[in-house]
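Number of protein chains: 2
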Amino acid sequence: MSDQVMFTLDESEQVTHWYNVVADLPTPPPPPLHPGTREPVGPDDLAPLFPIELIMQEVTGERYVEIPEAVRDVYRQYRPSPLIRARRWEQKLGTTARIYYKYEGVSPAGSHKTNTSVPQAYYNSLHGITRLTTETGAGQWGTALSYACALFGLECEVWQVGASYDTKPQRRTLMEVFGGTVHRSPSRLTEAGKSFPEDHPGSLGIAISEAVEVAAQSENTKYALGSVLNHVLLHQTVIGEEALRQLANAGEPGADIVVGCAGGGSNFAGLAFPFLREKLAGAQSPRILAVEPSSCPSLTRGEYRYDFGDTVGMTPLLKMYTLGHDFVPSTIHAGGLRYHGMAPLVSHVYDEGLIEATALHQSECFEAALEFARTQGVVPAPESSHALAQVRREALAAAESGAEPVIVVGLSGHGLLELGAYDTFLSGRLEDDPLSDEALAAALAGVPEV
Amino acid sequence: MSDQVMFTLDESEQVTHWYNVVADLPTPPPPPLHPGTREPVGPDDLAPLFPIELIMQEVTGERYVEIPEAVRDVYRQYRPSPLIRARRWEQKLGTTARIYYKYEGVSPAGSHKTNTSVPQAYYNSLHGITRLTTETGAGQWGTALSYACALFGLECEVWQVGASYDTKPQRRTLMEVFGGTVHRSPSRLTEAGKSFPEDHPGSLGIAISEAVEVAAQSENTKYALGSVLNHVLLHQTVIGEEALRQLANAGEPGADIVVGCAGGGSNFAGLAFPFLREKLAGAQSPRILAVEPSSCPSLTRGEYRYDFGDTVGMTPLLKMYTLGHDFVPSTIHAGGLRYHGMAPLVSHVYDEGLIEATALHQSECFEAALEFARTQGVVPAPESSHALAQVRREALAAAESGAEPVIVVGLSGHGLLELGAYDTFLSGRLEDDPLSDEALAAALAGVPEV
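Laid out in structure tokens, this is it:
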């Protein structure tokens, strides 16, 4: 094997289509239900929020969806994201595993979120929309949408979860650099926001309610969601499609273990679903692992039920692993993983036994992240550190057994705007806060009976 | 021309040698002088500070120096840095120019500095050295050396300019993430530091004095400099060597204008010197432009004289464009450009008329940076924004004249740890602070007569 550690793609190998896992699933995923009628929602129900192209992508059964030329033209600025063999980390771990990380931190927003913000802004721009609203937790999604809106001449208005807004002014500035307008959530600008005290730390569910409320009130304004929905997961599959080709370029016939962190599920699905296709087709047989924080463990401790996507109950009911839509997770540093539910498609494949899931404490994740930074030179986002910590476990197990698995891990973004979290860890002030049985039971009590 | 905008290199095209411009200069650059004897310094004089390989690189006349395999092995993790056609920015500017930016922000430290920190740490590690000391201004260099030391098992101790230390805690944390130890300069740990009040904003010159003092006192400790010296500029030429090949891959026969920001001079030289070689050989005929801040304009308003590299006067005397070694620039946001002198090699080629120089106000630079971010999706380091502002002028001039120059600009790093500066700009609180004639005269009065 050569000394090469960074794998890209020739122009002729660039990904031209997103992959829709629905086409290959043994059973179809349960449909979303209207919050009022409890009947399956149709395209008309979603029209106030989304442009027609995204609605059709939400419900399509086609295996591949072509990436519009205008979107590919933006992807070309930073894609393919590199697939990098983590040789130095392997040496440090003394492992016989071969570890490859797919690094989305090179994107304009510093995370995978641009993969979907760009097509979402593009499709909206085709229909005379002048403004998009959204929520953001860690700030990655708000940043990505602000940039995408700048490209297509749209205004972008972001409700940032209060706890994140208060502790990370740099993140707000970055959204403003890209032209976005940022509000602390809960805000006084919406009925949803006003139903909470002004100093409330907020949650993704509350911020979604605020952004949806504003979008629903104006004809020229639509809403954009950064995870959870089928069309978002679809856009993210560019990650896994590239990774499959890059892995082949690295001389590896396939992956044995595929690992991604999972909050709403789009980063995980983006990497995992193309590998799942290969697995379902019998071409590869990887274990596919979703990693979540022990403080917000929807897959591993939630229930697979219909629940609202937001806190106030304005969205359709989604069949998903949920902790309850009024669950407010502790203010862990991986803001992007603080969501009460899990994408319906990820929930479905988990329920079908096609993927595995595990939950980790954040201290173990930061330890892995620090080791990764000091060897590979990349400071991982706290979200991504969850995937790295699981890879560390797998790599140490391989060192023990002498196995030589090929591990592909999604590094969803860099942590350069999360250095406050690293400072907390380095100074010994980081505390783990796993979800208690009592808090879980209380939150699940709020899930509606359907 | 294809739609491709990002240009990399095949493994077979990777750069294997650094380029030494001294071999091709019409006249040799003046030698450094011993601060006591005022005689040219020899290798022995530098031995307390640097390992033999770096000393030999400092004085070599060889045209090419092979990059050690251990260094190339680290470069492979992030090099070649991408050369990217800035099509969206071109469209925004309405220019007929073709603009390519060479983006060093993908490196572990987020700037070009890793190109030299890695070989410096490596060479020191060959000689039983256990600790490196250094200064840092904006923090880019301290970050790069911390990471390089982590790779080769060395301790790293960094004196960070006080003004930067006070306003950018994230930068300190990043150095600590990579394992470095950070002191505010002026510190109480050195005689040099103690000669200034504890709350002094500091300067690169003072921080250099502190780091040199500590290194000189211990056998197992050496000093590492992040710019100015010949061997540092040599290591940075990997940038220009790659850019030349990538430009050819982009179908461009050569550059018409090459632009880089210049503080100590290593970023500028790294990009420019390989193009200067082509120019001296008659293969290309680019204008080569160094851009500096109007608050610290060593090339454009300094004098070409022997001066000390540090404030206290411990270093050799270097023939360079200088504002005077006790000049303390205003606390502009481009901390990496706040150095009183300019690399002797850059000074020499400027004096010979082989390159041009200009000085810009920081407000114009931030305007260009914001425009760049909102089109290209990259937030430039405040240092790099100086080069972008000059490119903007050139591109608008081309739009006026209809000329179609190929412009290559060095984007030395990202500005994700400088968002406080962007916030200052966005909120209208940014002030320009060009150097006054009186302050210049006062500072030049301190330059020793040689």
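Sequence order for the protein chains is U and E.
Residue numbers 1 to 450, in UniProt numbering, belong to the letters of the first sequence in order.
Residue numbers 1 to 450, in UniProt numbering, belong to the letters of the second sequence in order.
Heads up, the beta-carbon is just placed ideally off N, CA and C, and yes, glycines get one too.
Asked: Within 8 Å of chain U by C-beta, residues of the region 353-376 of chain E in sequence order; Found: Leu370, Ala373, Arg374, Thr375 and Gln376
Asked: Range covered by the beta strand (DSSP E) that runs through Phe178 (chain E); Found: Per DSSP, Phe178 (chain E) belongs to no beta strand (DSSP E) and is neither H nor E.
Asked: Closer than 8 Å to chain U by CB, Tyr422 (chain E); Found: yes
Asked: Touching by the beta-carbon criterion (3+ pairs, under 8 Å), the region 140-149 of chain U and the region 98-111 of chain U; Found: yes
Asked: CB contact below 8 Å: Gly179 (chain E) versus chain U; Found: yes
Asked: Residues of the region 129-163 of chain E whose Cβ lies closer than 8 Å to any Cβ of chain U, in chain order; Found: Tyr147, Ala150 and Leu151
Asked: Inter-residue Cα distance where the pair is Leu151 (chain U) and Arg374 (chain E); Found: 7 Å
Asked: 8 Å Cβ cutoff, Glu11 (chain U) in contact with chain E; Found: yes
Asked: Beta-carbon separation (whole angstroms), Val5 (chain U) vs Arg87 (chain U), contact threshold 8 Å; Found: 6 Å
Asked: Short Cβ contact (8 Å threshold) for Val450 (chain E) with Arg38 (chain E); Found: yes
Asked: Local conformation of Ala192 (chain E) per DSSP, three classes; Found: helix
Asked: Neighbourhood of Asn267 (chain U) by C-beta, 7 Å cutoff - its chain only, sequence neighbours within 5 removed; Found: His112, Gln236, Gly260, Cys261, Gly410 and Ser412
Asked: Nearest candidate by alpha-carbon position, reference Pro448 (chain U), set U:Lys319, U:Phe7, U:Gly335 and U:Phe275; Found: U:Lys319
Asked: Through-space distance from Lys102 (chain E) to Glu11 (chain U), alpha-carbon basis; Found: 19 Å
Asked: Span of the beta strand (DSSP E) around His386 (chain E); Found: Per DSSP, His386 (chain E) belongs to no beta strand (DSSP E); it is in the alpha helix (DSSP H), Pro382 to Ser401.
Asked: Closer than 8 Å to chain U by CB, Val175 (chain E); Found: As written in the sequence, residue 175 (chain E) is Met, which differs from the Val given in the question. It does not: the Cβ of Met175 (chain E) has no partner Cβ on chain U nearer than 8 Å.
Asked: Rounded straight-line distance, which links the Cα of Asn115 (chain E) to that of Pro186 (chain E); Found: 27 Å
Asked: Alpha-carbon to alpha-carbon, Gly205 (chain U) and Ala23 (chain U); Found: 30 Å
Asked: Cα-Cα separation between Thr95 (chain U) and Ala398 (chain U), rounded to whole angstroms; Found: 6 Å
Asked: His333 (chain E) and Pro274 (chain E) closer than 8 Å at C-beta; Found: no
Asked: Burial state of Thr27 (chain E) (16 or more Cβ within 10 Å); Found: exposed
Asked: Under the three-state DSSP convention, the category Met314 (chain E) falls into; Found: coil
Asked: Rounded Cβ spacing between Ala211 (chain U) and Glu394 (chain U) (contact assumed at less than 8 Å); Found: Contact doesn't hold; Cβ gap of about 38 Å is too wide.
Asked: Contiguous alpha helix (DSSP H) assignments of at least 4 residues, all confined to the region 7-63 of chain U; Found: 43-46 and 52-59
Asked: Closer than 8 Å to chain E by CB, Met314 (chain U); Found: no
Asked: Glu252 (chain E) classed as buried or exposed, judged by whether at least 16 other C-beta atoms fall within 10 angstroms; Found: buried
Asked: Under the three-state DSSP convention, the category Leu132 (chain U) falls into; Found: strand
Asked: DSSP state of Asp351 (chain E) mapped onto helix, strand, coil; Found: helix
Asked: Nearest-angstrom Cα separation, counted from His386 (chain U) out to Val258 (chain U); Found: 13 Å
Asked: Gly282 (chain E) versus E:Tyr304, E:Arg305, E:Ala255 and E:Tyr306, residue with shortest Cα-Cα distance; Found: E:Ala255
Asked: Between the CA atoms of Val161 (chain E) and Tyr321 (chain U) - distance to the nearest angstrom; Found: 51 Å
Asked: Cβ-Cβ distance between Ser227 (chain E) and Val312 (chain E) below 8 Å; Found: no
Asked: Min CB distance Met1 (chain E) to chain U below 8 Å; Found: Any reading at Met1 (chain E) is ruled out, since the residue's pLDDT is 47, under 50, leaving its predicted position unreliable.
Asked: Opening and closing residue of the alpha helix (DSSP H) in which Ala441 (chain U) lies; Found: Asp437 to Leu444
Asked: Sufficient close CB pairs (3 or more, under 8 Å) joining the region 56-64 of chain E to the region 52-65 of chain U; Found: no
Asked: Short CB-CB distance (under 8 Å) between Leu416 (chain U) and chain E; Found: yes
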